[in-house]
Every structure is written in structure tokens, then in C-alpha cells.
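Chemist:
Residue numbers (our numbering): 4 to 300.
(1) Let me know the alpha helix (DSSP H) ranges lying completely inside the region 112–198, each 4 residues or longer, listed in chain order.
(2) In the DSSP assignment, find the alpha helix (DSSP H) that holds residue 292 and state where it starts and stops.
(3) In its own chain, which residues sit with a C-beta less than 6 Å from the C-beta of residue 287, not counting the 5 before and 5 after it?
(4) At the level of alpha carbons, what is the spacing between residue 203 and residue 218?
(5) Would you check if the distance between the CB atom of residue 62 and the CB atom of residue 40 is smaller than 8 Å?
(6) To test your reading of the DSSP string, which unbroken alpha helix (DSSP H) runs of 4 or more residues are found completely within the region 41–78?
(7) So which of 65, 112 and 44 has the shortest CA-CA distance to residue 31?
(8) Express the C-alpha separation of residue 167 and residue 298 in angstroms, rounding to a whole number.
(9) Looking at the structure shown, is residue 218 part of a helix, part of a strand, or coil, going by DSSP?
(10) In angstroms with no decimal places, state the Cα-to-Cα distance between residue 11 and residue 211.
(11) Using only the alpha-carbon positions, how far apart do residue 112 and residue 266 sit?
(12) Could you give the distance in angstroms between the alpha-carbon of residue 114 and the alpha-carbon of residue 46?
(13) Do residue 193 and residue 226 have their beta-carbon atoms positioned less than 8 Å apart in this structure?
(14) Cα separation between residue 236 and residue 263?
(15) Measure the alpha-carbon distance for residue 103 versus residue 125 and round it to whole angstroms.
(16) Would you call residue 291 buried or exposed, if buried means 16 or more other Cβ atoms sit within 10 Å of its Cβ?
(17) Quick one: what's got a C-beta closer than 8 Å to residue 8's C-beta in the same chain, skipping five residues either side?
(18) Which residues bound the alpha helix (DSSP H) around residue 235?
(19) If we ignore side chains and look at the alpha-carbon of each, how far apart do residue 223 and residue 280 end up?
(20) Alpha carbons only, please: which of 107, 268 and 75 is nearest the one belonging to residue 95?
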């Protein structure tokens with residue numbers, strides 16, 4: 004009897020790079036780093052220290068990457084059930100859970116050390132973001148819609164971290180930046196959740212409101228309301244003297260547009276409206292941060 008031996012081909016370097024990018028959610032990670040750096044720029048007194056910003060960017064990238072890697076290690080069996088996540092390296096079997104956790108641990112240690120160079124506040128909030136995302140928000144997604152407000156806390160911490168790294172203390176400005184990113188997340192995620200409702204449900208996640216087993220139209224209503232909550236937040240920057248009226252005024256217009264997209268989803272309850280809300284959310288936050296930075300100068 005002839006035995007045929009099969010050769011297991013080791014993954015190529017390009018495949019390893021691709022898997023690492025998937026593991027840390029590279030593009031999403033860069034948006035998180037961008038928000039932290041913009042918060043640093045808004046909070047920094049005087050001329051920006053580009054070396055400090057590079058260190059902050061590295062620390063933020065590594066901690067966010069560690070949280071994402073732990074998330075994938077924990078949710079590997081659920082990721083396999085959804086089309087958009089089935090190709091993640093741990094879910095697809097190209098990376099072991101132990102390797103994923105090891106990479107996450109190394110990134111977490113180096114990332115927290117990088118933030119510790121700024122001050123204890125920065126490293127504390129970096130650690131809090133990692134732990135709350137990976138070990139509170141991630142398992143809660145399978146049990147309750149409370150996962151969304153809970154997950155919005157680590158989701159908003161990058162801007163808080165960036166500001167405390169610049170100012171050295173927990174200030175009202177840092178809290179305002181946290182609030183800006185916190186409230187922004189609700190319409191943003193609800194739009195994504197509306198579009199991925201069927202897959203989330205198939206995987207056993209209970210993130211989204213339901214009405215008789217389907218999408219709840221109130222998702223759009225709540226999105227519109229949360230977008231309106233951004234208006235007093237942006238005027239808070241004017242109130243504490245960080246900006247003039249220019250940035251809050253334009254950000255108010257952006258917030259009204261964001262709210263309109265949410266209410267449009269409520270009245271239409273259709274895929275096109277959800278996509279419009281999602282794409283609008285991609286532009287809202289960076290535009291608002293750039294306006295705040297320019298008006299601060």
C-alpha cells in the first residue's frame with residue numbers, strides 16, 4: 004500500500020503580515036490612533052512635540068491591537084459564524100489561540116509602558132480600555148444590549164488618553180473629548196449593527212434592539228437623539244475657552260446632519276438609510292476634531 008504524504012506549507016511572510024493586520028484590525032486601529040493624536044494636539048500647550056506624538060501613537064496602536072487580538076481569541080467560535088469575520092486568523096485556524104494571546108500580551112506590556120512615559124493617568128486609562136473592552140464588553144455582547152453603552156466607554160478612552168498625555172492631569176477638556184467620542188459611537192455602531200443584524204443574530208450576539216425577531220425601527224430614533232447630544236458637548240469647548248465660536252457652530256451643523264441621518268433611518272427603516280448614517284459617522288468625528296484643533300490655534 005502506497006502512503007501519500009501531504010506537505011503542510013508554512014504561511015508566507017505576506018500572509019503573516021496580512022494576518023497580523025487582521026488580528027489588530029489595522030484600519031480601525033489607525034482611526035483610534037488618529038483620534039488619540041488629535042486629542043493630544045487639542046490639549047497640548049504650545050508647540051506640538053512630534054516625538055511625544057509618535058510615542059503616544061505607538062502606545063495607542065499596541066494597546067488597541069492587544070484588545071482586538073484578545074477579542075478574537077475569545078470570540079473565535081462566533082467569528083466563524085459570520086461572513087465578515089470568518090477569515091480572521093484565529094477563527095480561520097491560521098493562528099492558534101495561544102499565539103494570539105501571546106502577541107496580545109506583548110503588545111499590551113509595551114503599549115502600557117509607552118503610555119507610562121507620559122504620566123500615570125495615561126497608563127491607567129490605557130489599561131482600563133484594554134481590560135474593559137476584552138473582558139467586559141466582549142463577553143457581554145452575547146447577553147445584553149447593555150454591551151453597547153459599556154463598550155462605548157473603552158471606545159471613548161483613546162481621546163481621554165491623548166488629552167491626559169498632553170495635559171498631565173484629568174481635566175474638563177479631557178472629559179469633553181471623552182464625551183464627544185462616547186456619544187458619537189452610538190449612531191455609528193447602531194448603523195453598523197443594523198446592516199449586520201442578521202449575522203450578529205446568527206452568531207448569537209444580543210447587541211441590537213429587536214422587534215418581533217427583526218430590526219427595531221427605534222434604533223434610528225435613538226441614533227438621532229444621541230447625535231443631538233453632541234451639540235452641547237461641542238459648545239463645551241467654547242465654554243471653557245479652548246475654542247472660539249467657529250468650531251462649535253460648524254460642529255453643530257455637522258451634528259444636526261448626523262441627527263437627520265439617524266431620524267431618516269427611523270422613518271425609512273431601510274438599508275440605504277443605515278448605510279448613509281454609517282458613512283456620515285466616518286466623517287463626523289475627524290472633521291469635528293480638525294475644526295476644534297484649527298479653532299484652538
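Glycine included, C-beta positions come from ideal geometry on N, C-alpha and C. Note that the coordinates shown come from a computational prediction; the quantities given were computed from them, not determined experimentally.
Modeler: For this structure:
(1) Counting whole runs of 4 or more residues, the region 112–198 contains the alpha helix (DSSP H) stretches 123–135, 150–170 and 175–198.
(2) Residue mapping note: residue 292 aligns to position 289 of the chain shown, counting from 1. Counting along the chain, the alpha helix (DSSP H) containing residue 292 begins and ends at 274–299.
(3) Mapped onto the chain shown, residue 287 falls at position 284. Here the set comprises 257 and 261.
(4) Residue 203 sits at position 200 when you count from the first residue of the chain shown. Residue 218 sits at position 215 when you count from the first residue of the chain shown. Near 11 Å, if we compare the C-alpha coordinates of residue 218 and residue 203.
(5) To locate residue 62, count along the chain shown from 1; it is residue 59. To locate residue 40, count along the chain shown from 1; it is residue 37. No, these two residues do not count as a Cβ contact at 8 Å.
(6) List check, alpha helix (DSSP H) in window: 53–77.
(7) Indexing the chain shown from 1 puts residue 31 at position 28. Closest option to residue 31, judged by alpha-carbon separation, among 65, 112 and 44: 65.
(8) Indexing the chain shown from 1 puts residue 298 at position 295. Indexing the chain shown from 1 puts residue 167 at position 164. Cα to Cα, residue 298 sits roughly 20 Å from residue 167.
(9) Here residue 218 refers to the residue found at position 215 of the chain shown. Looking at residue 218 - three-state DSSP - the assignment turns out to be strand.
(10) For the purposes of this step, residue 11 is taken as the residue at position 8 of the chain shown. For the purposes of this step, residue 211 is taken as the residue at position 208 of the chain shown. Confidence is the limiting factor: at residue 11 the pLDDT is only 40, short of 50, which leaves the residue's position unreliable and the question unanswerable from this model.
(11) Sequence index remark: in the chain shown, residue 112 carries index 109 (1-based). Sequence index remark: in the chain shown, residue 266 carries index 263 (1-based). Note on geometry: alpha-carbon atoms of residue 112 and residue 266 lie some 43 Å from one another.
(12) Against the chain shown, residue 114 aligns to sequence position 111. Against the chain shown, residue 46 aligns to sequence position 43. Rounded to the nearest angstrom, the two C-alpha atoms are 21 Å apart.
(13) Walking along the chain shown from the start, residue 226 turns up at place 223. Walking along the chain shown from the start, residue 193 turns up at place 190. Yes, the pair counts as a contact, with Cβ atoms nearer than the cut-off.
(14) Here residue 236 is taken as the residue at index 233 of the chain shown, counted from 1. Here residue 263 is taken as the residue at index 260 of the chain shown, counted from 1. Residue 236 and residue 263 have their C-alpha atoms spaced approximately 18 Å apart.
(15) Here residue 103 is taken as the residue at index 100 of the chain shown, counted from 1. Here residue 125 is taken as the residue at index 122 of the chain shown, counted from 1. So the alpha carbons of these two residues sit roughly 25 Å apart.
(16) Walking along the chain shown from the start, residue 291 turns up at place 288. Classification of residue 291: buried, given that the 10 Å Cβ count is 16 or more.
(17) Counting from one through the chain shown, the residue named residue 8 turns up at place 5. Low per-residue confidence applies at residue 8: pLDDT is 45, beneath 50, and the placement is therefore not dependable enough to give any value.
(18) For the purposes of this step, residue 235 is taken as residue 232 along the chain shown, with counting starting at 1. It spans 233–242 - the alpha helix (DSSP H) in which residue 235 sits, taken as one unbroken run.
(19) Taking the chain shown and counting its residues from 1, one reaches residue 223 at position 220. Taking the chain shown and counting its residues from 1, one reaches residue 280 at position 277. Cα to Cα, residue 223 sits roughly 9 Å from residue 280.
(20) By one-based count along the chain shown, residue 95 stands at place 92. Per the Cα distances, 75.
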